[in-house]
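Everything on this sheet refers to the single structure shown next.
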Amino acid sequence: MAPQPLSPPTFATSQLSLLAAEQSAETSSTASLLSTSSPTTLSRAGLAITNLVIGAQRTGLGGKTVLELELDSAIGREGVLGEHGVRVGDIVRVGEQPRGGERKRERVGMEKGGVEGVVVRVGERGVWVAVGEGEGEEGLGGRVWVVKLANDVTYKRMNQIMERMQKMEEKDYTTLTRILFGLESPTPVAEGDEEVKFIDETLNESQRNAVRFALASREVALVHGPPGTGKTYTLIEIILQLLQRKKRILVCGPSNISVDNIVERLAPHKVPMIRLGHPARLLPSVLNHSLDVLTQTSEAAEIVKDVRKEMDAKQASIKKTRNGRERRAIYTDMKDLRKEYREREKQCVNTLVGGSQVVLATLHGAGGFQLRNEEFDVVIIDEASQALEAQCWIPLLSAKKVILAGDHLQLPPTIKSTPPKPKPKTDAVPTTKPTPTLETTLFDRLLTLHGPSIKRMLKIQYRMHEKIMRFPSDNMYSSALTAAPSVAHRLLTDLPYPVKDTDDTREPLIFYDTQGGDFPETNSDSPSDTNNNETPTSKSKSSLLALSSHSNPSEAALILTHITSLTTAGIHPSDIAIITPYAAQLTYLSRILRIQENFPGLELGTVDGFQGREKEVVVISLVRSNGEGEVGFLREERRLNVGMTRARRGLVVVGDGGCVGRGSPFLKKWMEFLEEEADLRYPDVADLQGI
Numbered sequence: 031m032a033p034q035p036l037s038p039p040t041f042a043t044s045q046l047s048l049l050a051a052e053q054s055a056e057t058s059s060t061a062s063l064l065s066t067s068s069p070t071t072l073s074r075a076g077l078a079i080t081n082l083v084i085g086a087q088r089t090g091l092g093g094k095t096v097l098e099l100e101l102d103s104a105i106g107r108e109g110v111l112g113e114h115g116v117r118v119g120d121i122v123r124v125g126e127q128p129r130g131g132e133r134k135r136e137r138v139g140m141e142k143g144g145v146e147g148v149v150v151r152v153g154e155r156g157v158w159v160a161v162g163e164g165e166g167e168e169g170l171g172g173r174v175w176v177v178k179l180a181n182d183v184t185y186k187r188m189n190q191i192m193e194r195m196q197k198m199e200e201k202d203y204t205t206l207t208r209i210l211f212g213l214e215s216p217t218p219v220a221e222g223d224e225e226v227k228f229i230d231e232t233l234n235e236s237q238r239n240a241v242r243f244a245l246a247s248r249e250v251a252l253v254h255g256p257p258g259t260g261k262t263y264t265l266i267e268i269i270l271q272l273l274q275r276k277k278r279i280l281v282c283g284p285s286n287i288s289v290d291n292i293v294e295r296l297a298p299h300k301v302p303m304i305r306l307g308h309p310a311r312l313l314p315s316v317l318n319h320s321l322d323v324l325t326q327t328s329e330a331a332e333i334v335k336d337v338r339k340e341m342d343a344k345q346a347s348i349k350k351t352r353n354g355r356e357r358r359a360i361y362t363d364m365k366d367l368r369k370e371y372r373e374r375e376k377q378c379v380n381t382l383v384g385g386s387q388v389v390l391a392t393l394h395g396a397g398g399f400q401l402r403n404e405e406f407d408v409v410i411i412d413e414a415s416q417a418l419e420a421q422c423w424i425p426l427l428s429a430k431k432v433i434l435a436g437d438h439l440q441l442p443p444t445i446k447s448t449p450p451k452p453k454p455k456t457d458a459v460p461t462t463k464p465t466p467t468l469e470t471t472l473f474d475r476l477l478t479l480h481g482p483s484i485k486r487m488l489k490i491q492y493r494m495h496e497k498i499m500r501f502p503s504d505n506m507y508s509s510a511l512t513a514a515p516s517v518a519h520r521l522l523t524d525l526p527y528p529v530k531d532t533d534d535t536r537e538p539l540i541f542y543d544t545q546g547g548d549f550p551e552t553n554s555d556s557p558s559d560t561n562n563n564e565t566p567t568s569k570s571k572s573s574l575l576a577l578s579s580h581s582n583p584s585e586a587a588l589i590l591t592h593i594t595s596l597t598t599a600g601i602h603p604s605d606i607a608i609i610t611p612y613a614a615q616l617t618y619l620s621r622i623l624r625i626q627e628n629f630p631g632l633e634l635g636t637v638d639g640f641q642g643r644e645k646e647v648v649v650i651s652l653v654r655s656n657g658e659g660e661v662g663f664l665r666e667e668r669r670l671n672v673g674m675t676r677a678r679r680g681l682v683v684v685g686d687g688g689c690v691g692r693g694s695p696f697l698k699k700w701m702e703f704l705e706e707e708a709d710l711r712y713p714d715v716a717d718l719q720g721i
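Position 507 (the sequence shown) corresponds to 537 in our numbering; numbering is contiguous.
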């Protein structure tokens with residue numbers, strides 16, 4: 031049945047309900063921990079740093095107050111923070127640390143007291159936090175602690191845009207809006223009408239076709255970039271071509287790293303651009319293009335410099351003043367100065383943003399005040415297949431044309447609120463209307479709505495050995511991928527440093543088939559693994575959730591043996607990654623590998639967390655091995671596609687072929703392929719004793 035057109039208000043109403051459920055699911059676990067756990071427990075879980083004092087405070091980027099927090103010398107730990115889960119860019123609350131027995135009061139105080147901010151620097155001996163508008167830091171004295179908070183800014187902006195769409199009447203729809211909801215068809219593309227002189231002459235023909243198509247499309251174009259096919263290079267060419275045509279461009283992505291990658295690639299072309307976003311969340315290499323830095327260093331910044339100097343002087347005087355009345359007077363002056371600073375900064379921002387041909391921001395960052403009333407000829411969304419559709423509408427509601435880039439055959443955005451799919455009843459009547467879900471991205475929906483005519487696929491990949499590429503190409507990309515000659519046959523023995531020629535370094539694809547029952551999984555009474563608790567996206571979540579997951583100690587021991595063999599042959603540990611779908615296996619692997627001691631630089635992570643990454647050698651631990659053929663969410667083809675496309679020269683798969691192959695037709699094909707094409711090995715668990 032052909033997909034039906036959808037009205038924006040109907041779509042928005044459904045999205046608001048789904049977003050509410052998702053936000054609730056995302057915040058409930060953290061909120062529960064904050065309300066029931068002591069500071070020590072939160073610290074051990076990686077969600078807090080305790081026993082801090084304010085060492086200094088100063089004016090940071092954007093006029094924000096930066097609190098320099100250091101360990102209280104009275105606790106006798108030589109000033110070193112130790113292990114914790116707080117990272118640069120985290121949203122945190124700095125509050126007065128509760129004393130020993132204040133269990134209930136401490137939670138109330140944490141919610142009502144202190145000040146919220148963003149971590150801008152994390153060191154061995156301290157943490158720096160940029161706080162919003164200076165509200166609350168004057169109340170902090172003595173010992174304080176830092177607690178990670180959930181970020182609700184993205185939800186606020188998605189909800190705001192959906193509420194606007196919910197109230198829209200048909201006369202308010204733009205042409206692009208009508209096309210994106212199937213109320214009109216896209217204008218047919220005549221790609222030969224315009225001659226394109228390519229700036230990057232190294233682009234291959236499929237990349238050039240995508241560029242021509244994106245330029246020629248009147249309203250919408252999809253660039254499908256499978257792993258390693260040079261999607262970002264293609265987008266850079268599109269941006270440069272649009273600039274030559276005097277177009278104004280807004281470039282967005284679902285994450286800061288996706289946007290920063292484009293800034294880094296654009297920078298050598300001396301493109302006049304502005305990167306919006308909190309400087310704490312940006313890569314150091316792109317800071318010079320950030321709005322916060324430009325408001326201090328550009329000609330337009332002169333109007334705010336004198337106010338900033340006065341604010342710095344006030345900040346310095348706070349430390350010297352002990353008199354309570356004088357301190358209150360200084361904070362009053364600071365508030366007045368901040369108000370003036372914001373007014374002047376707004377003029378500076380308007381001048382900088384209004385004069386820029388290329389503006390880059392995260393999708394939710396595009397909803398900030400800096401872009402209010404700004405118009406763009408083209409909106410480009412990178413990694414669109416990893417973005418919630420509601421996020422995409424933040425920059426799209428008033429857009430004229432959109433170019434989406436991504437790969438809908440890799441993992442969609444992680445959704446925590448998706449309930450387990452009910453098993454269909456034998457007498458159930460099939461439905462023609464699928465249940466709406468946040469996992470359906472704009473990229474997916476447009477392909478279903480308008481068909482492949484709005485998409486161009488990149489077909490030459492520059493990452494994987496041909497043998498590593500073959501299965502995903504045949505089974506996910508209709509056999510359309512080709513390995514570039516420069517990578518098709520390269521091996522670990524061809525690395526630019528000495529590597530011994532061994533059985534483990536000369537083979538690009540190795541399969542350790544553990545079937546036979548000697549490598550059984552262990553199960554810690556895990557919940558249904560259709561939820562996403564088994565693929566934590568942060569260290570703190572991993573430490574809390576690893577106990578409710580699957581592990582396979584014998585597989586881990588086998589992996590230790592293989593990694594030891596690789597490094598003995600000369601492979602640098604930093605060129606190796608081990609990935610697995612299960613948090614408990616990560617924890618076990620981390621314990622037995624002792625990475626910092628034995629394999630410095632080796633990376634360990636979930637399959638989901640490694641999306642977008644690559645390494646010379648990737649080892650995949652499939653974990654599942656049981657008599658029932660239960661494989662859980664290994665059935666998700668897109669998750670497996672991510673796992674099997676991360677390696678450049680060596681992919682090592684460790685798993686029970688008999689168990690995994692019973693999980694789905696796709697898994698059966700993969701196991702059969704590995705048996706035929708990989709260097710097949712049947713390990714003996716007896717050889718692993720004593721490891």
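The beta carbon of each residue, even a glycine, is placed where N, CA and C say it ideally should be.
Predicted model, so just to flag it, every value in this text is computed and none were measured.
Going by DSSP, what residue range makes up the alpha helix (DSSP H) through GLY481? Sequence index remark: in the sequence shown, residue 481 carries index 451 (1-based). Per DSSP, GLY481 belongs to no alpha helix (DSSP H) and is neither H nor E.
Report yes if the CB atom of LEU280 is closer than 8 Å to the CB atom of VAL389, and no otherwise. Mapped onto the sequence shown, residue 280 falls at position 250. Mapped onto the sequence shown, residue 389 falls at position 359. Yes, the Cβ-Cβ distance between LEU280 and VAL389 is below 8 Å.
Quick one: measure Cβ to Cβ for ILE84 and LEU99, integer angstroms, because I've assumed they're closer than 8 Å. Taking the first residue of the sequence shown as position 1, residue 84 is located at position 54. Taking the first residue of the sequence shown as position 1, residue 99 is located at position 69. The pair is a contact, with the Cβ atoms about 6 Å apart (cut-off 8 Å).
Just reading off the alpha helix (DSSP H) that GLY688 is part of, what are its end residues? Here residue 688 refers to the residue found at position 658 of the sequence shown. Its alpha helix (DSSP H) spans residues 687 to 690.
Taking DSSP as the reference, what is the three-state secondary structure of ASP524? Taking the sequence shown and counting its residues from 1, the one referred to as residue 524 is at position 494. Three-state result, ASP524: helix.
Rounded to whole angstroms, how far is the Cβ of LYS277 from the Cβ of VAL408, which I believe are closer than 8 Å? One-based indexing of the sequence shown puts residue 277 at position 247. One-based indexing of the sequence shown puts residue 408 at position 378. With a Cβ gap of about 6 Å, LYS277 and VAL408 count as contacting.
Given a cut-off of 8 Å, decide if ALA429 and LEU206 are closer than it, judged by their beta-carbon atoms. Taking the sequence shown and counting its residues from 1, the one referred to as residue 206 is at position 176. Taking the sequence shown and counting its residues from 1, the one referred to as residue 429 is at position 399. Yes. Within cutoff.
Let me confirm a value: PHE399 is counted as buried when at least 16 other C-beta atoms fall within 10 Å, else exposed. Which label applies? Working through the sequence shown from its first residue, we reach residue 399 at position 369. Burial call: exposed.
Limits of the beta strand (DSSP E) - the one that ASP709 falls within: Taking the sequence shown and counting its residues from 1, one reaches residue 709 at position 679. Its beta strand (DSSP E) spans residues 709 to 711.
Leaving out five residues on either side along the sequence, give the residues of the same chain with a beta carbon under 7 Å from the beta carbon of LEU588. For this step, residue 588 is matched to residue 558 along the sequence shown. Counting only Cβ-Cβ distances below 7 Å, and skipping sequence neighbours, we find TYR542, VAL684, PRO713 and LEU718.
For THR544, which of helix, strand or coil comes out of DSSP? In the sequence shown, the residue the question calls residue 544 occupies position 514. In the structure shown, THR544 sits in coil (DSSP, three-state: anything other than H, G, I, E or B).
Are three or more beta carbon pairs between the segment 290 to 304 and the segment 414 to 429 nearer than 8 Å? no
For the putative contact between PRO603 and PRO630, defined by C-beta atoms under 8 Å, what is the C-beta separation to the nearest angstrom? For the purposes of this step, residue 603 is taken as residue 573 along the sequence shown, with counting starting at 1. For the purposes of this step, residue 630 is taken as residue 600 along the sequence shown, with counting starting at 1. Indeed, because the Cβ distance is near 6 Å, the residues count as touching under 8 Å.
For GLU443, which residues of its own chain have a beta-carbon under 6 Å away from its beta-carbon, when the five flanking residues on both sides are left out? For the purposes of this step, residue 443 is taken as the residue at position 413 of the sequence shown. The sequence shown places Pro at residue 443, rather than the Glu named in the question. Same-chain partners within the cutoff: GLN416 and LEU418.
Pair within 8 Å by beta-carbon distance, ASP686 and ARG654: Your numbering for residue 686 matches position 656 in the sequence shown. Your numbering for residue 654 matches position 624 in the sequence shown. Contact flag set, yes.
Which of the three DSSP states is assigned to SER568 in this structure? On the sequence shown, residue 568 is found 538 positions in, with the first residue counted as 1. Any reading at SER568 needs caution, since the residue's pLDDT is 34, under 50, leaving its predicted position unreliable; the model's value is listed next. Three-state DSSP puts SER568 in coil, outside helix and strand.
Can you tell me the Cα-Cα spacing of ARG486 and VAL145, whole angstroms? Along the sequence shown, one-based indexing puts residue 486 at 456. Along the sequence shown, one-based indexing puts residue 145 at 115. Answer to the nearest angstrom: the Cα atoms are 48 Å apart.
Alpha-carbon to alpha-carbon, ILE79 and ALA86: The count along the sequence shown starts at 1 and reaches residue 86 at position 56. The count along the sequence shown starts at 1 and reaches residue 79 at position 49. Roughly 17 Å separates the two Cα atoms.
Quick one: grab the DSSP three-state call for ASN505. The residue given as residue 505 occupies position 475 in the sequence shown. Of the three classes helix, strand and coil, the one that applies to ASN505 here is helix, per DSSP.
Close beta carbons around VAL649, own chain, < 6 Å, minus the five adjacent residues each side: As a first step, residue 649 is located in the sequence shown; it is residue number 619 there, counting from the start. Taken in chain order, the residues that qualify are ILE589, ILE608 and VAL682.
For GLN641, count neighbouring C-beta atoms within 10 Å of its own C-beta (all shown protein chains included) and say buried if the count is 16 or more, exposed if not. Numbered from its first residue, the sequence shown carries residue 641 at position 611. Per the 10 Å Cβ criterion, buried.
Are there 16 or more other CB atoms within 10 angstroms of the CB of PRO69, so buried, or fewer, so exposed? If you number the sequence shown from 1, residue 69 lands on position 39. Its Cβ being crowded by 16 or more others within 10 Å, PRO69 is buried.
Return the Cβ separation of THR232 and GLN491 in integer angstroms, given the expectation that the two are a contact with Cβ distance under 8 Å. For the purposes of this step, residue 232 is taken as residue 202 along the sequence shown, with counting starting at 1. For the purposes of this step, residue 491 is taken as residue 461 along the sequence shown, with counting starting at 1. Not quite, the Cβ-Cβ distance comes to about 15 Å (not below 8 Å), so this is no contact.
Would a C-beta distance cut-off of 8 Å place ALA50 and LYS94 closer than the cut-off? Along the sequence shown, read from residue 1 onward, the residue named residue 50 stands at position 20. Along the sequence shown, read from residue 1 onward, the residue named residue 94 stands at position 64. No.
CYS689 beta carbon near the ligand ADP (any heavy atom closer than 7 Å): As presented, the structure is devoid of all ligands, the ligand ADP included, so that no description of it is given.
Output the boundary residues of the alpha helix (DSSP H) element that contains VAL379. Locating residue 379 in the sequence shown gives position 349, counting from the first residue. Here the alpha helix (DSSP H) through VAL379 covers 354 to 384.
Buried or exposed by the 16-neighbour rule on C-beta atoms within 10 Å, applied to SER47: Against the sequence shown, residue 47 aligns to sequence position 17. That one is exposed.
Determine the closest residue to THR362 out of THR217, THR381, MET341 and GLU373, with distance taken between C-alpha atoms. Position 332 of the sequence shown, counted from the start, is the residue given in the question as residue 362. When each option's Cα is compared against that of THR362, the closest is MET341.
Are the beta-carbon atoms of PRO257 and THR675 separated by less than 8 Å? Within the sequence shown, the letter at position 227 stands for residue 257. Within the sequence shown, the letter at position 645 stands for residue 675. Closer than 8 Å, so yes.
Spatial distance of PRO566 from TYR203 (CA atoms): Position 536 of the sequence shown, counted from the start, is the residue given in the question as residue 566. Position 173 of the sequence shown, counted from the start, is the residue given in the question as residue 203. Confidence at PRO566 is low in this model, with a pLDDT of 32, below 50, so its placement is unreliable and no value can be given for it.
Whole angstroms are fine: how far does the CA of SER103 sit from the CA of VAL529? As a first step, residue 529 must be located in the sequence shown, where it is residue number 499. As a first step, residue 103 must be located in the sequence shown, where it is residue number 73. Their backbone Cα atoms lie some 48 Å apart in a straight line.
Which whole-angstrom value is the C-beta distance of ARG624 and VAL647, which I expect to be below 8 Å? For the purposes of this step, residue 624 is identified with residue 594 of the sequence shown, where counting begins at 1. For the purposes of this step, residue 647 is identified with residue 617 of the sequence shown, where counting begins at 1. Rounded, the Cβ-Cβ distance is 19 Å, inconsistent with contact.
Please report the distance separating the alpha-carbon of THR392 from that of ASP531. Here residue 392 corresponds to residue number 362 of the sequence shown, with the count starting at 1. Here residue 531 corresponds to residue number 501 of the sequence shown, with the count starting at 1. So the alpha carbons of these two residues sit roughly 45 Å apart.
Would you decide whether GLU496 is buried or exposed? Buried here means 16 or more other CB atoms lie within 10 Å of its CB. Along the sequence shown, read from residue 1 onward, the residue named residue 496 stands at position 466. Answer is buried; the Cβ neighbour count reaches 16.
In the DSSP assignment, the beta strand (DSSP E) including GLU294 goes from what residue to what residue? Numbered from 1 along the sequence shown, position 264 holds the residue referred to as residue 294. Where GLU294 is concerned, there is no enclosing beta strand (DSSP E), although the alpha helix (DSSP H) it sits in stretches over 286 to 296.
Would you grab the beta carbon distance between GLY639 and VAL661 for me? Rounded to a whole angstrom, and I think it's under 8 Å. Locating residue 639 in the sequence shown gives position 609, where the first residue counts as 1. Locating residue 661 in the sequence shown gives position 631, where the first residue counts as 1. In fact, because the Cβ distance is near 20 Å, the residues do not count as touching under 8 Å.
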